[in-house]
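Structure first, then comments.
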Amino acid sequence: MAAIETTAIKILIYLAPMYFANSTAMVFGGKTPLDFGRNFFDGRRIFGKGKTFKGTFFGIASGIAVAGTINWLFPDAVQLLTRDYISLGILLSFGAIIGDSVASFFKRRNSLDSGTEVLFLDQLDFVFGGMILGSIIYTPNFYEVLYVSAITLVVHKFSNYLAYKIKLKQVPW
Numbered sequence: 009m010a011a012i013e014t015t016a017i018k019i020l021i022y023l024a025p026m027y028f029a030n031s032t033a034m035v036f037g038g039k040t041p042l043d044f045g046r047n048f049f050d051g052r053r054i055f056g057k058g059k060t061f062k063g064t065f066f067g068i069a070s071g072i073a074v075a076g077t078i079n080w081l082f083p084d085a086v087q088l089l090t091r092d093y094i095s096l097g098i099l100l101s102f103g104a105i106i107g108d109s110v111a112s113f114f115k116r117r118n119s120l121d122s123g124t125e126v127l128f129l130d131q132l133d134f135v136f137g138g139m140i141l142g143s144i145i146y147t148p149n150f151y152e153v154l155y156v157s158a159i160t161l162v163v164h165k166f167s168n169y170l171a172y173k174i175k176l177k178q179v180p181w
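Numbers 9 to 181, taken from our numbering, label the letters of the sequence shown in order.
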């Protein structure tokens with residue numbers, strides 16, 4: 009297999025749990041917010057209304073399910089990353105949700121409401137959260153981080169615009 013094909017497969021397998029966790033949390037979110045509607049010491053919401061228990065659960069569960077499915081369907085391909093892809097998928101899924109929540113926390117500290125766009129933070133928070141937590145098992149090299157970031161910037165913008173157009177989101181970012 010050519011080096012470029014190997015890299016592309018690694019990146020796709022690496023991104024899948026994070027992408028599914030992040031998008032499923034948005035689509036299936038709602039109901040009880042993670043912060044229970046409470047405010048932080050500064051008087052602002054801790055995370056905001058967009059981070060919910062339902063979204064967190066379904067996001068993490070879908071990321072793990074995708075990792076399990078990929079592991080089952082493509083056992084040789086996952087070996088490009090690690091021998092324990094299921095555990096990596098779990099870490100990537102949790103990390104994606106944590107990264108997105110941490111970004112929301114910092115946005116609230118800066119008086120930015122849910123839905124306010126912060127360029128790069130909104131597009132990359134979940135993948136950097138996933139990469140940080142996932143680095144317990146697999147640490148991407150510098151070029152892989154660049155590829156993941158570049159791909160995510162494009163895919164995130166396009167998918168959010170599409171979600172906005174089909175009324176899954178209130179804003180196109």
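Using N, Cα and C, we set each Cβ at its ideal position, and we do this for glycine too.
**Item:** Cβ-based burial, Arg-116 [other Cβ within 10 Å; buried from 16]
**Value:** One-based indexing of the sequence shown puts residue 116 at position 108. Buried, by the Cβ-count rule.
**Item:** Beta-carbon gap between Thr-147 and Leu-88 smaller than 8 Å
**Value:** Counted from its first residue, the sequence shown places residue 147 at position 139. Counted from its first residue, the sequence shown places residue 88 at position 80. Their beta carbons are not under 8 Å apart, which means Thr-147 does not touch Leu-88 by this criterion.
**Distance, Ala-69 Cα to Val-110 Cα** = Position 102 of the sequence shown, counting from 1, holds the residue named residue 110. Position 61 of the sequence shown, counting from 1, holds the residue named residue 69. Spanning the two alpha carbons is a distance of roughly 19 Å.
**Asked** Near Arg-239, which residues of its chain fall below 7 Å by C-beta distance, leaving aside the five closest residues on each side in sequence?
**Response** Missing from the structure shown is residue 239; the chain here goes from 9 to 181 and no further.
**Request:** Tell me whether Phe-102 is buried or exposed, calling it buried when 16 or more other Cβ atoms sit within 10 Å of its Cβ.
**Result:** Counted from its first residue, the sequence shown places residue 102 at position 94. Classification of Phe-102: buried, given that the 10 Å Cβ count is 16 or more.
**Asked** Which ranges would you report for the alpha helix (DSSP H) in the stretch 87–170 if only whole runs of at least 4 residues count?
**Response** 93–117 and 129–142
**Asked** Helix, strand or coil: which one does DSSP assign to Pro-83?
**Response** As a working mapping, residue 83 is identified with position 75 in the sequence shown. Three-state DSSP puts Pro-83 in a helix.
**Prompt:** Do the CB positions of Leu-132 and Ser-157 come within less than 8 Å of each other?
**Reply:** Counted from its first residue, the sequence shown places residue 132 at position 124. Counted from its first residue, the sequence shown places residue 157 at position 149. Yes, they are a contact pair.
**Residue from Ile-106, Leu-96, Phe-113 and Met-26 whose Cα sits closest to the Cα of Asp-50** = Start at 1 with the first residue of the sequence shown, and residue 50 comes out as number 42. It is Phe-113.
**Request:** Can you tell me which of the three DSSP states Thr-40 falls into?
**Result:** Here residue 40 corresponds to residue number 32 of the sequence shown, with the count starting at 1. Note: Thr-40 maps to coil in three-state DSSP.
**Prompt:** Considering only residues of the same chain and omitting the five flanking positions on each side of Gly-71, which have a CB-CB separation below 7 Å?
**Reply:** Position 63 of the sequence shown, counted from the first residue, corresponds to residue 71. Within the same chain, Gly-71 has close Cβ partners Pro-25, Met-26, Phe-28, Ala-29, Gly-97, Leu-100, Ser-101 and Ala-104.
**Asked** Would Phe-66 pass as a contact of Ala-33 if the rule is Cβ separation under 8 Å?
**Response** Against the sequence shown, residue 66 aligns to sequence position 58. Against the sequence shown, residue 33 aligns to sequence position 25. Their beta carbons are under 8 Å apart, which means Phe-66 touches Ala-33 by this criterion.
**Message:** Within 10 Å of its beta-carbon, does Ala-11 have 16 or more other beta-carbons around it, so buried, or fewer, so exposed?
**Reply:** Walking along the sequence shown from the start, residue 11 turns up at place 3. Its Cβ having fewer than 16 others within 10 Å, Ala-11 is exposed.
**Asked** So who's on the other strand from Arg-53, going by DSSP bridges?
**Response** As a first step, residue 53 must be located in the sequence shown, where it is residue number 45. Beta-bridge pairing links Arg-53 to Asn-47.
**Request:** In the DSSP assignment, find the alpha helix (DSSP H) that holds Val-35 and state where it starts and stops.
**Result:** Against the sequence shown, residue 35 aligns to sequence position 27. From DSSP, the alpha helix (DSSP H) with Val-35 extends over 11–35.
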